[in-house]
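Participant: Take 126 as the starting number for the sequence shown in my numbering and just add one per residue. Ideal placement from N, C-alpha and C gives every residue a C-beta, glycine not left out. Since we're looking at a predicted model, the values are computed, not measured.
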Amino acid sequence: MTQRCPHCQIEIDAPKINAYEDNFVCPHCAATLSHSQIDIFFYAFCFIALISLLLIAIGHINTFIALVIAAGSYRLCRNKLFESHFRLIRCTH
């Protein structure tokens, strides 16, 4: 997945979130980068809320079961649908 380094502004292939623990290094400028936690939480909240509401309203599924299905669906879809939209941020530590 190609994204732009916020430090050197060069296109890089950012690793998947589950491929690194806390951060990764830009291959061009050696800046320490990670995916924005705010973006991760925002996309997760929106997706889980939308899917849960649809399952509850249209499918008449129990709320707890709808939340479990939505959370599992987000986990399965995150790599393909959402990860390329997460901004890269420079770590300060």
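1. Could you spell out where the beta strand (DSSP E) holding Gln128 opens and where it closes?
2. Note down the Cα distance separating Cys130 from Ile214, rounded to an integer number of angstroms.
3. Taking only three categories from DSSP, how would you classify His153?
4. How should Ile183 be labelled, buried or exposed, when 16 other C-beta atoms within 10 angstroms of its C-beta is the threshold for buried?
5. Which same chain residues end up closer than 6 Å to Tyr199 when comparing Cβ atoms and leaving out the 5 residues on each side of it in sequence?
6. Please confirm whether Ala139 and Gln128 have their CB atoms less than 8 Å apart.
Facilitator: Quick answer:
1. Here residue 128 refers to the residue found at position 3 when the sequence shown is read from its first residue. First-last of the beta strand (DSSP E) with Gln128: Thr127 to Arg129.
2. The residue labelled residue 130 in the question sits at position 5 within the sequence shown. The residue labelled residue 214 in the question sits at position 89 within the sequence shown. The C-alpha of Cys130 lies about 8 Å from the C-alpha of Ile214.
3. Along the sequence shown, one-based indexing puts residue 153 at 28. Here His153 sits in coil by DSSP.
4. Locating residue 183 in the sequence shown gives position 58, counting from the first residue. Classification of Ile183: exposed, given that the 10 Å Cβ count is below 16.
5. Within the sequence shown, the letter at position 74 stands for residue 199. Correct list, in chain order: Ala169, Phe172 and Ile173.
6. Looking up residue 139 in the sequence shown gives position 14. Looking up residue 128 in the sequence shown gives position 3. For Ala139 and Gln128, yes; Cβs fall inside 8 Å.
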